[in-house]
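Quick note: the sequence shown uses the working numbering, first residue 24, plus one each step. Using N, Cα and C, we set each Cβ at its ideal position, and we do this for glycine too. The structure appears below as structure tokens.
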Amino acid sequence: MNNKLCVWARSSEYCDEMHHLFKGAVEYLHEIYGQCDNELNLAKGQYAIYNSNNMDLCWKPSLVQEREGTIVSSSTPLICLDEKIESEKAYTDFVFDATKNKEGYKRIFPKYFAARANNEGMDIFCDLHGLALCYVTMNKKFVAVSNHIGALAYFTDSVLEINHHGVHLFANLGWYFTDTSPYKSINRINPATVINCSSHRVKMSKWHDIGELVSPIGKSFNIDNIKAEWDVVLNNVSNIIANPPTLHLSGGKDSRITTAAWISTKKPCIISTHGIIAIEAEVATKLLNTFPGEDKLENLGITHNIYKPSSSTYINKQSLEERIRKTLLDKNGEELIHVTKYDRAFFKSPRVVFSGIDEGSRTGHSYLSEYSYNATLADKFYFENALRGWRAPNDSCSDIGLYLEEIMMSKYRDEFLSLGLDRFAMHNYFHYIERFRRWGSVTMRPEAFHLFASPAMIRECYNASPEDKRSSKISQQLTNELLPQWKGIPYYSGTDAETTAHRENKWTVWHTDPDFIKSIVFDGKFYKGYLNPQGVLRTYNKCINGEGLAPDERVLITAAILELFWGHYTELSYRIDKHRNKYYYSNVQVKENTSENLQRKVNLIDIEDESLSVNDKYKAAQELWKKKNYKEAVLMHQKIYTAYKEAYSACRCGIAYINGYGVKKNANIAATYLFIPELDNYKYAIYYRGLVFLDKSYHDYNMNKGIELLQKAYELGVKEAAKALQKYGYKEV
24 MNNKLCVWAR SSEYCDEMHH LFKGAVEYLH EIYGQCDNEL NLAKGQYAIY
74 NSNNMDLCWK PSLVQEREGT IVSSSTPLIC LDEKIESEKA YTDFVFDATK
124 NKEGYKRIFP KYFAARANNE GMDIFCDLHG LALCYVTMNK KFVAVSNHIG
174 ALAYFTDSVL EINHHGVHLF ANLGWYFTDT SPYKSINRIN PATVINCSSH
224 RVKMSKWHDI GELVSPIGKS FNIDNIKAEW DVVLNNVSNI IANPPTLHLS
274 GGKDSRITTA AWISTKKPCI ISTHGIIAIE AEVATKLLNT FPGEDKLENL
324 GITHNIYKPS SSTYINKQSL EERIRKTLLD KNGEELIHVT KYDRAFFKSP
374 RVVFSGIDEG SRTGHSYLSE YSYNATLADK FYFENALRGW RAPNDSCSDI
424 GLYLEEIMMS KYRDEFLSLG LDRFAMHNYF HYIERFRRWG SVTMRPEAFH
474 LFASPAMIRE CYNASPEDKR SSKISQQLTN ELLPQWKGIP YYSGTDAETT
524 AHRENKWTVW HTDPDFIKSI VFDGKFYKGY LNPQGVLRTY NKCINGEGLA
574 PDERVLITAA ILELFWGHYT ELSYRIDKHR NKYYYSNVQV KENTSENLQR
624 KVNLIDIEDE SLSVNDKYKA AQELWKKKNY KEAVLMHQKI YTAYKEAYSA
674 CRCGIAYING YGVKKNANIA ATYLFIPELD NYKYAIYYRG LVFLDKSYHD
724 YNMNKGIELL QKAYELGVKE AAKALQKYGY KEV
């Protein structure tokens with residue numbers, strides 16, 4: 024991971040505080056990834072920039088360029104689209120010229136986010152498609168942008184809160200919709216966005232109209248436009264690449280195009296073929312044997328390695344729990360589900376990897392089948408069914424998640440109409456704006472280079488007809504023109520067979536980590552707020568009975584990620600609060616326990632301050648509660664629970680959320696506080712658990728369980744339980 028963090032203080036009075044928080048965020052990144060030799064760690068006036076700058080094994084240019092007091096810091100090298108760059112000086116000239124303004128941004132190949140800063144201000148901008156990981160938090164004090172959500176959380180203007188709507192959709196689909204992240208007040212920056220920061224103002228705007236890219240301007244595609252842009256881009260990549268790149272070649276279309284494109288440059292590379300299915304290696308070998316005599320690839324420094332998967336590939340040295348915890352440190356929950364199946368380590372990327380994910384604009388992924396194609400012809404808005412192919416099995420999804428899906432898709436319908444897209448282009452655009460930038464590993468890996476992000480490629484794909492896409496005409500024509508030798512060699516994709524092989528070879532998580540998966544399904548609590556526990560249990564039983572496939576494994580991994588996310592969130596929240604309070608206590612004088620200063624004392628309180636007992640902290644929170652300052656009281660109780668795991672404070676939070684005391688009424692959040700081990704014997708926790716089970720807004724609506732808990736609470740002396748029992752039709756109290 025090449026970490027970047029850019030912060031702007033909106034007023035000089037916030038500079039000291041920004042520098043303090045920036046130091047804490049960088050320390051956090053160092054703890055996770057280690058400290059890099061060439062990193063930029065600069066806090067100067069109203070701006071601060073961190074760039075780990077650890078991509079020297081992949082790229083020759085530094086990711087930090089400085090000239091005459093101006094710094095340009097980027098997440099990956101800025102590659103020119105419209106001019107061949109042949110020297111180091113020409114590259115530096117291009118970087119400073121292209122980052123001057125919006126017109127310059129259009130000259131940069133997508134998949135980056137960058138900042139240009141000097142004493143006058145800072146401009147932060149992301150690529151045309153929003154492919155690079157890039158998040159923002161903006162408030163009255165700071166503008167902060169980073170590709171690491173945890174570092175960014177230091178600059179939020181209040182206690183860190185989980186974005187429950189976003190997590191619901193992640194649980195169902197495996198990615199965060201639109202601009203959401205796992206946390207409120209932290210959002211992913213939308214495609215082609217720039218934030219201009221100066222002492223006078225902060226302005227966020229679009230530097231390019233996406234509508235120009237996706238609205239068809241012709242009735243057929245032009246391969247020559249794609250080839251012309253690729254010729255420039257591949258030349259520029261080859262001139263700044265530090266080592267021969269790795270290309271993955273299988274039996275499918277995507278890897279064939281990217282491999283053909285690089286081989287056509289006649290530059291060295293390493294070609295790797297992975298696959299459980301033997302025919303994958305056979306197809307790849309056949310392709311690479313089409314260069315006889317003097318044209319043999321080894322003469323160009325091109326080697327081909329075939330890796331045959333074995334148990335050692337999938338039986339990990341790290342447990343699934345350990346891998347998920349590392350994934351949470353790395354991506355804070357926004358990670359591809361399947362990535363957690365493999366050992367996690369934070370290391371310098373060894374070389375550039377060419378990635379060939381299918382972004383759907385070229386293939387018409389959502390209407391490939393005859394059924395989908397005909398249904399789209401018949402129903403203009405059939406695109407709303409596009410999620411079915413990616414969603415977890417329906418019975419494991421929560422009702423809330425399914426409802427949120429409907430809301431999101433209806434919003435997209437309005438956007439599609441405003442762009443003038445036809446019924447097939449609606450599918451393509453949805454795939455482009457959601458899946459393309461959220462799903463592929465290219466977005467998560469800084470060493471990955473994605474040739475299909477070429478603007479000319481996207482543009483021509485939208486000009487192609489639905490029939491051209493379904494017949495793979497663009498893919499085949501591109502490959503044939505790049506390497507005519509490969510014309511006529513058939514494709515192969517072995518997804519179904521590969522899924523079955525994982526199960527039969529016992530490489531699935533219910534084989535490799537059975538005890539952990541079982542503990543999540545039966546003892547987990549937090550995941551039940553986002554997935555249907557009965558559906559997860561049915562999935563688990565299906566898997567251990569030998570019938571589970573890849574979608575079922577995804578459900579189990581998702582449940583595990585959600586369960587461990589709660590612990591990660593509380594630890595991060597506590598860490599940030601502790602670091603903030605060091606600054607606040609050293610810079611703000613707080614009077615003793617006078618009622619007029621109570622609000623400030625609660626906000627500034629140091630949970631670890633031994634001069635204040637836990638009782639004092641309870642009293643402060645209770646005083647706020649009495650004054651009906653419920654929201655502040657809840658924040659205080661959240662801090663107390665996070666630090667001490669005190670049952671009373673957790674119960675108070677649960678009560679607040681289920682009754683809507685100063686916070687949005689939410690049974691799911693109430694459940695996260697009430698369904699914890701420390702509350703098993705607390706009578707009010709039992710009472711409020713009963714109410715949760717009887718609340719239809721909570722997915723686990725269970726009349727018998729709710730009545731049972733209310734009866735137990737009544738027996739323990741909770742008088743309110745009698746009224747609740749009568750309300751639900753139980754008379755014998």
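- Within the stretch 214-280, the complete alpha helix (DSSP H) runs of at least 4 residues fall at 233-237 and 246-263.
- Assignment of beta-bridge partners to Phe377 by DSSP yields Leu270 and Phe472.
- In this structure Ser169 is buried. Its beta-carbon is surrounded by 16 or more other beta-carbon atoms within 10 angstroms.
- With at least 16 other beta carbons inside 10 angstroms of its own, Asn76 counts as buried.
- By the 16-neighbour rule on beta-carbons within 10 angstroms, His473 is buried.
- Contact check for Leu410 and Leu196: beta-carbon distance about 6 angstroms, within the 8 angstroms limit, so the pair qualifies.
- Around the CB of Lys134, 16 or more other CB atoms lie within 10 Å, so the residue is classed as buried.
- Excluding the 5 residues flanking it on each side, Ala656 has same chain C-beta neighbours closer than 6 angstroms at Ala644, Leu647 and Trp648, in chain order.
- Secondary-structure assignment with DSSP links Leu65 through a beta bridge to Ile72.
- Boundaries of the beta strand (DSSP E) around His297: Cys292 to His297.
- Assignment of Thr665 by DSSP, reduced to helix, strand and coil, places it in the helix class.
- Across the set Ile185, Gln69, Asn725 and His534, the C-alpha of Ile185 shows the shortest separation from the C-alpha of Glu357.
- When rounded, the separation of the alpha-carbon atoms in Asp116 and Ile108 is 10 angstroms.
- Inclusion of Thr326 and Ile286 in the CB contact set at 8 angstroms is not warranted, their separation being larger than that value.
- Contact between Arg139 and Asp146 holds: their C-beta atoms lie close to 5 angstroms from each other, under 8 angstroms.
- Of the residues Ile212, Asp422, Glu594 and Lys601, the one whose Cα lies closest to the Cα of Leu44 is Lys601.
- Just measuring C-alpha positions, the residue of Ser477, Leu442 and Gly443 sitting nearest Phe459 is Ser477.
- Beta-bridge analysis with DSSP links Val657 to no other residue.
- From the listed residues Ile246, Gly324, Gln69 and Ala265, the smallest Cα separation to Cys484 is found for Ile246.
- Leu442 is not a Cβ neighbour of Gly189, given a cutoff of 8 angstroms.
- Across the structure, Asp437 and Glu429 are spaced so that their CA atoms are roughly 13 angstroms apart.
- Going by beta carbons, Tyr390 and Phe453 fall outside the 8 angstroms limit.
- The stretch 544-557 and the stretch 574-582 touch, with no fewer than 3 CB-CB distances between them shorter than 8 angstroms.
- Burial check for His171: the Cβ neighbour count within 10 Å reaches 16 or more, so the residue is buried.
- A distance below 8 angstroms separates the beta carbons of Lys289 and Leu323.
- Per DSSP, the unbroken beta strand (DSSP E) holding Ile325 starts and ends at Ile325 to Tyr330.
- Here Ser228 is exposed: its Cβ has fewer than 16 other Cβ atoms, across all protein chains shown, within 10 Å.
- Judged by beta-carbon spacing, Lys688 lies beyond the 8 angstroms limit of Leu739, meaning their Cβ atoms are not closer than that value.
- Note: Tyr206 is bridge-paired with Ile185 in the DSSP secondary-structure output.
- For Leu28, the enclosing beta strand (DSSP E) has its first and last residue at Lys27 to Ala32.
- When C-beta atoms of the stretch 256-272 are compared with those of the stretch 368-378, three or more pairs fall below 8 angstroms, so the two segments count as touching.
- For Met432, the closest C-alpha among the options His271, Phe200, His388 and Ile131 is that of Phe200.
- In this structure, Ile347 places its C-beta atom within 8 angstroms of the C-beta atom of Leu587.
- In this structure, Glu470 lies away from Cys29, with their beta-carbon atoms at least 8 angstroms apart.
- Under a 10 Å Cβ-count criterion, His223 is classified as exposed, with fewer than 16 other Cβ atoms of the shown protein chains found around its own Cβ.
- Residues of the same chain with a CB within less than 6 angstroms of the CB of Pro315, apart from the 5 flanking positions on each side, do not exist.
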